[in-house]
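Each residue of the first sequence is one higher than the last, beginning at 588 in this note's numbering.
Scroll down for the structure; my scribbles are underneath it.
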Amino acid sequence: MQYWLFKAEPDVFGIEHLAAQPKKTGRWDGIRNYQARNFLRDQVAKGDAVFIYHSHCKQPGVVGIAEVVKAAYPDPTQFDPQSPYFDSKATPDLPRWVAVDIKLTSQFKQVIPLSLIKQQTVLENMVLLKQARLSIQPVSEQEWQAILQLADN
DNA sequence: GCCAACGTTGGC
DNA sequence: GCCAACGTTGGC
């Protein structure tokens with residue numbers, strides 16, 4: 588089993604939206620970056636554990652944990668002209684982008700803020716800190732445990 | 001809202 | 001294939 592961090596903008600689709608889905612399970616779609624896509628398509632597997640991270644908001648940080656319940660499949664939004672994620676170069680025969688389904692398993696009482704993560708020596712090599720703009724990224728087991736210890740519950 | 005970092009596009 | 005122009009991300 589592998590660990591991941593998925594970024595979300597809470598104004599668009601954040602942990603609150605996921606929590607409001609039936610069975611707290613929803614589609615993680617709209618990923619339009621090749622490096623993130625490759626992780627999602629080739630490595631993210633059913634049963635993997637995911638930190639949900641809120642970016643572009645007042646208090647950026649890790650807000651909860653989800654589990655991958657369905658591995659990569661073609662992201663339907665790429666075929667939908669009404670969707671902001673529509674891609675005219677993608678076809679059902681040659682899909683370009685993928686989505687996964689995740690189920691919310693834990694919502695932290697308090698955000699684990701980026702500012703706190705930055706203070707941890709064990710976390711200084713996190714992809715989150717090294718490569719700021721990657722929206723799907725691997726997390727090592729050591730990093731996973733260190734962040735869990737920062738959770739207030 | 002600003003701006004640095006970095007990804008993508010397209011002319012040549 | 002290079003690289004300038006442009007667009008997006010995301011912390012602050």
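The beta-carbon is built from N, C-alpha and C at its ideal position, and this holds for glycine as well.
Values in this document were obtained by computation on a predicted structure and should not be read as measured data.
Hey, quick one: how far does the alpha helix (DSSP H) through residue i stretch, first residue to last?
{"i": "PHE626", "result": "621 to 629"}
{"i": "GLU603", "result": "602 to 606"}
{"i": "ILE704", "result": "701 to 704"}
{"i": "LEU716", "result": "714 to 717"}
Could you please give me the residues that DSSP links to residue i through a beta bridge?
{"i": "TRP591", "result": "VAL637 and PRO725"}
{"i": "LYS657", "result": "ASP688"}
Using three-state DSSP, classify residue i as helix, strand or coil.
{"i": "GLN691", "result": "At residue 691 the sequence reads Leu, which differs from the Gln that was named. In this structure, LEU691 counts as strand in the three-state DSSP scheme."}
{"i": "SER652", "result": "It should be pointed out that residue 652 corresponds to Ile in this sequence rather than to Ser. Note: ILE652 maps to strand in three-state DSSP."}
{"i": "THR678", "result": "coil"}
{"i": "GLN697", "result": "strand"}
{"i": "ASP667", "result": "coil"}
{"i": "ALA632", "result": "coil"}
{"i": "ILE618", "result": "coil"}
{"i": "GLU730", "result": "helix"}
{"i": "ASP739", "result": "coil"}
{"i": "ASP745", "result": "There is no way to answer for residue 745, as the model of the chain reaches only from 588 to 740."}
{"i": "LEU647", "result": "A small correction: the amino acid at residue 647 is Pro; Leu does not occupy that position in the sequence shown. Reduced to three states, the DSSP call for PRO647 is coil."}
Where do the N-terminal and C-terminal ends of the beta strand (DSSP E) with residue i fall, by residue?
{"i": "GLY613", "result": "612 to 615"}
(message) Between the stretch 607 to 623 and the stretch 677 to 691, can you find at least three pairs of beta-carbon atoms closer than 8 Å?
(response) yes
(message) For the stretch 625 to 643 against the stretch 588 to 603, do three or more pairs of beta-carbon atoms, one drawn from each stretch, fall closer than 8 Å, so that the two count as touching?
(response) yes
(message) Three Cβ pairs or more, each shorter than 8 Å: is that satisfied between the stretch 646 to 655 and the stretch 692 to 701?
(response) yes
(request) Would you check if there are 3 or more beta carbon pairs closer than 8 Å linking the stretch 672 to 682 to the stretch 704 to 722? (result) no
(message) For the pair the stretch 720 to 733 and the stretch 617 to 632, tell me if three or more CB-CB distances fall below 8 Å.
(response) yes
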